[in-house]
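Let me begin by presenting the structure, written as structure tokens, before commenting on it.
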Amino acid sequence: MSTALVKSLDALGRWEQLDAVTGAVQRVVRGLPLGRFRDVLHGLPIGHPLHPALVQVPMGAWASAAVLDTVPGTGRSARLLVGVGVLSAVPAAWAGWVDWAEQHEDQMRTGLVHAVSMALAIGLYARSWVHRGRGGTVRGKLLGFAGLSVAGAGGMLGGHLAFRQGAGPNKTEPVPRLLEEGWHPVGRVEDFPVGEAVRRELGEVPLLVVRQVGGEIHVLAGRCSHQSGPLTDGTLADGCVTCPWHGSVFRLADGANIAGPATAPQPSFRVRVEGDGSVYVRLPGAG
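In numbering that gives the first Met the number 0, the protein residues as written are 0 to 286.
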């Protein structure tokens, strides 16, 4: 049974019929005039996606309301928690949508079904809140239990999206464990034209090497921490590189992410140039 369930969840990512919808919704979400608030919703200030943290509030409120619904004399408190869940689900949904709009096609398909499930749960809980306020306690409780079931199913889809399909985790986290400690040669100074992005490989890890006008050489892990986009195909400007896939911006000097959707920085290598022009790099913490 569990195998059948996993296969069904995996199949959502291959459901190409959803692409017409995902494409249209993605354009709408990307077109919203959110400015720098978009990076806040991505979770850039806290260093990881904000959406998983925000969903704890509505899910916790709704689960607590379900417990109170089994205890006599707690109807008013249960209704309050249902309302808190509905209201707090709004910012959680906003954060989820802005993350969703910067994902791969298979992730967006699963994410769309997840979003529809959670929207249905919010609708059920909103009706539950209304019925409770009008004295329809039994109907309100039934709608609440239905909403919790739908929200639970949506949460499972969210977990599948995050952990099986890899939407959200830092894609560069394994880099230090893929490299040996110490200094490694990557070429000679003349191999790196000024102001151009050059790709090098260090074992299994691709590198982005950029030689600045003043001669300083910066080296970052070559795959974006957001969705593994090739930074060597990105745009160089103002001491930064912009990922060609989803537009994350990283500072060349230290790998700091200046703009999302990436929330984790790029691994930044120390650089040493020998007297004969040979260039060596070392990643702190490697090995």
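Heads up, the beta-carbon is just placed ideally off N, CA and C, and yes, glycines get one too.
The beta carbon of Glu180 sits closer than 7 Å to those of Ala285 and Gly286, all from its chain and outside the five residues before and after it, given in chain order. Under the three-state reduction of DSSP, Ala236 is assigned to strand. Within the DSSP bridge table, the entry for Glu200 names Pro205 as partners. About 5 Å separates the beta carbon of Trp96 from that of Val28, a gap short enough to meet the 8 Å contact definition.
The three-state reading of DSSP puts Ala258 in strand, counting E and B together.
With 16 or more neighbouring CB atoms inside 10 Å of its own CB, Thr109 falls in the buried class. Excluding the 5 residues flanking it on each side, Gly46 has same chain C-beta neighbours closer than 7 Å at Thr262 and Ala263, in chain order. Between the alpha carbons of Cys242 and Ala196 lies a gap of roughly 12 Å. Following the DSSP letters along the chain, one finds Gly110 inside the alpha helix (DSSP H) bounded by residues Glu104 to Gly132. Scanning its chain for C-beta atoms nearer than 7 Å, with the 5 sequence neighbours on each side dropped, one finds around Pro57 the residues Gly84, Ser87, Ala88 and Ala91, in chain order. Beyond the five residues adjoining it in sequence on each side, Ile257 comes within less than 8 Å, by CB distance, of Cys239, Val248, Phe249 and Arg250 in the same chain, given in chain order. The three-state reading of DSSP puts Pro32 in coil, since its state is none of H, G, I, E or B. Contact between Gly276 and Pro266 does not hold, since the beta-carbon distance rounds to 25 Å and is not under 8 Å. Take the alpha-carbon of Ala94 and the one of Leu80: they are about 21 Å apart. Nearest neighbour of Gly122 by Cα position, chosen from Gly157, Thr136, Glu104 and Gly82, turns out to be Gly82.
Listed in chain order, the non-local C-beta contacts of Leu201 below 8 Å within the same chain comprise Leu178, His183, Val185 and Val280, local neighbours out to five positions each way being set aside. Per the coordinates, the alpha-carbon of Arg138 lies some 10 Å from the alpha-carbon of Phe144. Proximity to Leu119 across Ala65, Val149, Leu230 and Pro175 peaks at Val149, based on C-alpha coordinates. In the structure shown, His183 adopts extended strand secondary structure according to DSSP, grouped into three states. Rounded to the nearest angstrom, the Cβ distance from Gln106 to Ala166 is 4 Å, consistent with a contact under 8 Å.
Note on Gln55: under 16 other CB atoms within 10 angstroms of its CB, so exposed under the neighbour-count rule.
Bounds of any beta strand (DSSP E) do not take in Leu49, whose DSSP letter is neither H nor E.
Linking Ser224 to Val272 through their CA atoms gives a straight-line distance of about 27 Å. In this structure, the CA atom of Leu235 is about 18 Å from the CA atom of Pro260. Between Val204 and His217, the beta carbon gap of about 16 Å keeps them out of contact (Cβ cut-off 8 Å).
Its Cα nearest to that of Val270, the residue Glu215 stands out among Pro168, Leu8 and Glu215. Per DSSP, the continuous alpha helix (DSSP H) segment holding Arg176 begins and ends at Val174 to Leu177. In the structure shown, the three-state DSSP call for Ala60 is helix. Boundaries of the beta strand (DSSP E) around Ser267: Ser267 to Val272.
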